[in-house]
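Data first, discussion second: the structure below is written as structure tokens.
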Amino acid sequence: MADPVLSVTNLTIRERNGHILVRDVTLAVPRGGVLTLIGETGSGKSLIAQAVFGLLPPGLEASGQIMLAGRPPIAAGDSRALSGLWREQIMLIPQEPSLALDPTMKIRRQMALAGLDDEAVDPALAAFDLPVHSVDLYPFALSGGMAQRVLVASALGVGAPIIVADEPTKGLDAERVTQAIATLRQLAAAGRSLLVITHDRHMAEALPGTLAIIREGVIVERGDSARVLAAPESDYGRTWLEADPRHWSRSARCCDMSDLALSAHGLAFGWPGAPLLFKGLDLHLPRRSILAISGASGGGKSTLADILLGLRRPLAGSVEWAGADIVADPSAIRRFRQRYQKLHQDPIQSFVPHLSLARQFTALESVKTGLSVARALPPLLERLKVKPDLMDRLPREISGGEAQRLALARILLLDPTVIIADEPTSRLDPVVQRETMALLRQLVDDAGLGLVLISHDRALLRSVADDEIQLDAFKT
Amino acid sequence: MSVAKATNTMLRVILLRVGQALATAALLASLCFAFVHMLPGDLALRVAAARVGDERVTPETADRIRREEGLDRPLIVQYGQWMKSLARGDLGRSLLSGKPVVQELAYHGAFTLQLGLIGWLLSYLIALPLGVFAGFRPGGIVDRATDVLAVTLASLPTFLVGIGLVTLFALTLRWLPPAGFRTSAHMVLPAVTLALSLVAFSIPIIRNAVLEVRAAFFMTYARVKGLSPPAAFRHHGIRNAAIPVVTFAALQFAFVIDGFVVIETLFNYPGLGELLVKALIARDVPVIMGAGLVIGFSFAIVSLTADLLRLWLDPRALEAVRV
Amino acid sequence: MIHKLALTRRSALALAVCAATLAGFPSLVQAQEAGVLRVASPWEYTSNEPTDTGFLMTRMQIAETLVMVEPDGRLVGGIAESWSVSDDKLTWRFKIRPGVLFHDGTPVTTEAAAASLRRSLSGESMQQIPVDQLTTDGDTLVLKTKTPFSHLPAVLVDYASVVLAPASWGADGKVSKVIGTGPFRITAIDGKNVIELARFDGYWGEKPKVARARHTAIPNGDTRTNVAVAGDQDIIFTTVPSATPRIDAAGQMKVVNLTIPRLRVMAFNSGLPQFSDVRVRRAISMAIDRKGIASAVLRHPGSAATQLLPAALPDWHDATLSAYAFDVAGANALLDQAGWTRGADGVRTKDGVRLAATLLTISNRPELTVMGTAMQAQLKAIGMELNVEPGPSAAIPAAIQAGTMQMTMFARTYVNVPEVVATIIPDFTRERSTWGTLNWPGRARIKALSDEYVQSFDESRKASLRREMLKIIHEEMPVTAVSWFEHTVAVNKRVKGLVIDPFEMRYMLHKVTLD
Amino acid sequence: MNRVVKRMRQFPKSIWALAALAGIAVLGPVLAPLDPTAQDLLRVMEAPSSQNWLGTDHVGRDILSRVLSGAPHSLGLAVLCVALASGTGLALGLAASNSGAFLRAVIMRSADLMLAFPGLLLALLLAGFLGGGIWPLLIGLNLALWPQYARMTEAVATGVLRQGHVEAARLAGFPERVILLRHVLPPVLRAILPLATLGVGQAIMSISALGFLGLGLKPPTPEWGAMINELLPFLSEGLIQMAAPCLMIFACVLSLTLAGRALAARMEAGSDG
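Printed below as a string of structure tokens:
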């Protein structure tokens, strides 16, 4: 680190009430190199980027120093002085690119305002694999990935030697992530110094240079990227790395087709006026097994889940619950309703926001005869490793992981046969994701459930599922 | 989205809205017809009283008017007649003055339009600078002062504002005439009264629009890209802030009409509100229906204008239109 | 887009400067046009038809009738210079005044006057004349009646009979343009509110002193008050009585009062069980504090009525009649005597009928509602419950026609023509009058008396018939006057020579000069 | 108990002002020292005295008593109007969000249509037809106000119905009635409350405007707008008498506006957390 072009020294960020969010962070971006800062949601990594630009949200205070090569150091709280570095010295590629573009102005004019004259625009677009006509569009017509590349192209047009990319892959699917990585490598190749902030392992692996892992506002480990990823020294780094589904041990496939919890035959569905999403789809879910359904977003995964749950009628085909065809005989839905349940993508939203959790659980007694929540819940909570005192809180006062386990507890109280889990871990951090998946597996094995797991993350599915259906295969 | 497609969308919006406007207007007028005839009391007698004066009205006058105006025909025939002439663009004649309803509406409508436009313009002359300034310095002295002003004005009924202004400027200071419509001096107090009632609601809207746009990340990002704060607001702020303001300004039209009834009575101003109130008292059916038609239609036209403005200002709206 | 916005902002700024200059210019009120007499009244010019708005034509002295009335009550010649009646009292001869010109310069011919009169005779306001035939004879208009009709000249004062030029009528038989003979001619009409007038130099009589005049209709009473306080007109007719001190205090205009033969009367449905007994009607009259109402509500103690008509009409005012009494104890005694007993809620009942009524008043005469609420409070003291209901003016004749009227209070002029019997007949001789009695059994007696009165040309006989009619109405109280009207006219300091006509036929503007 | 006190401390001041006004609306007629309709024609337009704290009006009635007794008519009627309108809007909005495309379109399009017609004018029309009184006000303002509540209800309810907890409740077998009461109604009511608070202020102004135009409640009802109308000719001699009803209207609408804003801000803050 002989020649850092940007160095952050002893940066501490605290709330007005003194609560510290980022503690004593020191970082250096080497000239022409890449520094990747990786951490979970809420670890404080984005605050560091904001502090470098003097753009901390109101109510937060920063101390420490920020220094650019060849310039006197600037106090981290001096946002006016920091704003003097914008464009000329440092440039930001923000997260949520759609928010960074004026929704009422065409791209060409926004690029022009960023300093790219007309001749410079076309090569810039070509360099980032953007169609030429995209400059004549309004931002809303761009996909997230395109907007991202527009911002990168604009940033490239700005001469700043240092570029900070804040969560450049947030909300992108796997293919777009690869593109984004390529884009950043292009920037690095063009000689810019990069500070990349991410929660994405793949990105960290793909970028050369230095890697720093941040946890709860403290840097826990740093070093050469390849070295840290191969053999993390800190406990946290290890745990985190192991949470990658690719590192999980694969489950054994079982296929006892004699004991089916759910089956479907010849299913077809499509929206009016659009081609069918799928047709001729068969599936079999034996008890004690996990069936994975994968497919591209918008491909009908959630619709299929609704059909399997009896919430939506297919255009053709049958769905059998314990041998009864709920498509032909909708009254069967009412009979078996509580046995077929769903685990939602957003666990906090699956609870009524204005009622305490305890009340929501007690209410179940009115729909399930013979259920005593007071008796049945405590052992369940213990098994799911949920602290019982959470029950007095409102849903928004608990974490996503806790909420997902409580959602599971609520389903289990109804004594289900099948649980359909729609992207149950996509909003959870990797470590929590791993724990939740392990728990689901254990429940399937112990309680004899059938689990349908819907996700776009093939690696995750492959590591836990006994069988997999790719929805794209049934496209018309 | 291509230019042709955008134009096409615009065209469809216009056609749809004009169709809606016509339907709304006809429906309102028909409702008025139903209302007037559902009511107890002798219609012809009401008309007679309004025509010849209360004290000279006799049952004979009422009978003559009933005969002359065809009020003795079955209702469905009268309604059919009205719809038929409406299709020809003829709104009939006032039972009171005998003049064509179109002429009455045009005469009074012109006054209302004039007062409405001046009042509306004036309100934005007051609200825009104050709202924008307050939005730039939230929590500052101007922001707090305009907030107090807006809340105060919002809590005062229009007639109290009018009485206050008349008492101060016409009766005490004697700067302006208290009532009438003949000169521009006569317009000042009614227009200011109207403007103040509008300002109460437009200031916070403008302030919040400016505040929101200034807080938007694309404004910050524009500065990161190197624009100065004024340049960033000029390029990215004005248009975005104008979107909610335009939508609201159209909504205010309904309030403008409400305000007219009170203001025109208070200032003896011969606008549509006054015409309508008089026609109601006299049960002048053709004028009531005509006024219903005009008010319904003009409201629809104002919303159409607002829609088009919004489409022009906000390309996202164009995308969201589902005709 | 940005350019356009900037442009609007710039022009908006310019407008703001203009508006500020306008608002800051403190002498706009003083923009009185020299020589223009500005007159305001509540009355709108709604149409050109003399039957509808003829009163404005005579008041603003645009058009004239054959016979006119002077402020002192004398009938004088208008378009007709003089008149006479034949010995059989059936043929009237009106000699047309020579040299009278219409505003378009054409002379008034006997034919033109006859044509004009024929149209008005067909209208219902003059239907009481038993017309047989209308012919012309040289410069004389000959009107034959079927039966003797002694007050024919008085009826011809009716504004519906104004004489208009033949060119006034359009092809559809309606008046398209008002071409009269009066001292003022119309130069412009702006909507219903404003009539612009100029002196008619070819006028046959006393020419106006002012060259131009303008009539502005201000229907809202509060607005008239404001205009009077600001002094923004020269003469304002019919200001709100209660605002008189305020107008006077402002110092711009002075309010002049004149008691006129217009009354605020209360009428009963004598067919209702509550009011069929004359003692109840009398008790109600005795419970009303007319003086209190006159001084508190009307701000003019002298306007409290003592009998039906004021002394301003010497023929129809009988000084020997005892004045309406205010005697709550007496009223209670009368009701006790009539068998009305107080219930637990303080309201009297008799045979299961509550002494209660809804009093219809007219909402565009706000003082009536106030008087109604005052009476409501006063009648409580004799155990009567009154529910005041202001409504549009036509609601009252409508309720009388429908027979649903219980009690009503309204303003009524008894000199639509300067002969009171012309009002007595429609108001007191019918089962359902237009404005007045309903189901009153005494109507037959008034009918007999008025029939004789109309046919009689003997002045002393007529005087005794008048006294008899007045006595019956005074004692039986099918209606009872609450107050006489004070004609309130706000007059600007710069106005000199104004004469107020108690008959409200003419505003006498030709006598006015401006400083 | 402590929690109650703590929560009450968090209420903005405007809510307390509102509570005081509501108290006046309920107790006003009881607090009135004299009969609000008792006249004394010998003591008209008198300045404030120990007997008549705010003076007397043009027929000698006690202003203080009239202002106090007017509260149930002005404030109470406004609350009634808004309660009726928000109830109608709530019911129709819920119906729209729970039903098929056709019914939803019918309800929401008629809401748009009614929104096009100004409320005061509507009440005025009805008052002109029906001749004043309570009904034109109730019907007219209801017709004018319900669409905004229907729109708000429909927007919030549709949003809530799409959330996971509703689906979870359906899957758990809860009946639709329970879902409506437990899941949908509370957020809808929270959204409507600030709107309704502001609406009451608007209704007070509409009622007083009609009273001022002489088309409102029937005399001698001490409605504030009608009082202003009655006292207007006496402005120069009865400033205090005139000021009393004006101030009551102003105070009511002001505290309602501030309370509505505070509620709306609270709701916004609540939805963030």
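Chains as they are written, first to last, in our numbering: chain A, 33 to 508; chain B, 638 to 960; chain C, 57 to 571; chain D, 2 to 274.
Every residue, glycine too, gets a C-beta built ideally from N, C-alpha and C.
Chain D residues whose Cβ lies nearer than 9 Å to that of residue i
i: residue 374 (chain A); result: 165, 168, 169, 172
i: residue 431 (chain A); result: Residues of chain D passing the Cβ test: none, with the nearest at roughly 14 Å.
i: residue 788 (chain B); result: 255, 258, 259, 262
Distance between beta carbons of residue j and residue i, contact taken as under 8 Å
i: residue 127 (chain C); j: residue 547 (chain C); result: Not really, about 16 Å apart at Cβ, beyond 8 Å.
i: residue 218 (chain D); j: residue 210 (chain D); result: About 12 Å; that fails the 8 Å criterion.
i: residue 104 (chain C); j: residue 213 (chain C); result: The pair is not a contact, with the Cβ atoms about 21 Å apart (cut-off 8 Å).
i: residue 24 (chain A); j: residue 200 (chain A); result: Chain A is shown from 33 up to 508; residue 24 (chain A) falls before or after that span and cannot be answered.
i: residue 323 (chain C); j: residue 464 (chain C); result: 5 Å
Proximal residues of chain B, C-beta to C-beta of residue i below 8 Å
i: residue 190 (chain A); result: 862, 863
Reduced DSSP category for residue i - H, G, I as helix; E, B as strand; rest coil
i: residue 26 (chain D); result: helix
i: residue 738 (chain B); result: helix
i: residue 77 (chain C); result: Its pLDDT being 44, under 50, residue 77 (chain C) is placed unreliably by the model, and nothing is read from it.
i: residue 959 (chain B); result: Interpretation of residue 959 (chain B) is limited by its pLDDT of 43, a score under 50 that renders its predicted location unreliable; the figure taken from the coordinates is listed afterwards. Residue 959 (chain B) falls in the coil class under three-state DSSP.
i: residue 198 (chain A); result: strand
i: residue 314 (chain A); result: strand
i: residue 373 (chain C); result: coil
i: residue 96 (chain A); result: strand
i: residue 356 (chain C); result: coil
i: residue 99 (chain C); result: coil
i: residue 638 (chain B); result: Unreliable positioning characterises residue 638 (chain B) in this predicted model, as indicated by a pLDDT of 47, which lies under 50. The coordinate reading is nonetheless provided below. Three-state result, residue 638 (chain B): coil.
i: residue 36 (chain A); result: strand
i: residue 554 (chain C); result: coil
Listed by chain order, chain B residues near residue i by CB distance under 9 Å
i: residue 103 (chain C); result: 688, 731, 733, 734, 735, 736
i: residue 210 (chain D); result: 794, 795, 796, 895, 898, 899
Contact list for residue i against chain B, beta-carbon separation under 7 Å
i: residue 247 (chain C); result: 744, 907
i: residue 338 (chain A); result: Within chain B, no residue comes near residue 338 (chain A); the closest Cβ sits about 24 Å away, beyond 7 Å.
i: residue 491 (chain C); result: 692
Neighbouring residues, chain D, relative to residue i (Cβ below 7 Å)
i: residue 793 (chain B); result: 251
Endpoints, beta strand (DSSP E) assigned at residue i
i: residue 415 (chain C); result: 412-418
i: residue 443 (chain C); result: 441-447
i: residue 151 (chain C); result: 147-152
i: residue 62 (chain A); result: 52-62
Proximal residues of chain A, C-beta to C-beta of residue i below 7 Å
i: residue 195 (chain D); result: Those within 7 Å of residue 195 (chain D) in chain A number zero; the least Cβ separation is about 16 Å.
i: residue 175 (chain D); result: 399
Host alpha helix (DSSP H) of residue i (start-end)
i: residue 404 (chain C); result: Counting along the chain, residue 404 (chain C) falls outside any alpha helix (DSSP H), though it belongs to the beta strand (DSSP E) covering 404-406.
i: residue 137 (chain D); result: 135-162
i: residue 180 (chain A); result: 176-189
Partner residues on chain A for residue i, Cβ-Cβ distance less than 8 Å
i: residue 183 (chain D); result: 384, 387, 395
*Taking the runs of the alpha helix (DSSP H) that are 4 residues or longer, which of them lie wholly in the region 459-498 of chain A?*
462-479, 490-496
*Going along the chain, which unbroken runs of the alpha helix (DSSP H) with 4 or more residues stay wholly within the region 918-954 of chain B?*
The region 918-954 of chain B contains these whole alpha helix (DSSP H) runs: 922-950.
*Counting only runs of 3+ residues fully inside the region 345-413 of chain A, write out the beta strand (DSSP E) ranges in chain order.*
The qualifying runs are 348-353, 372-375.
*In chain order, which alpha helix (DSSP H) runs of at least 4 residues are fully inside the region 299-369 of chain C?*
300-306, 334-343, 346-352
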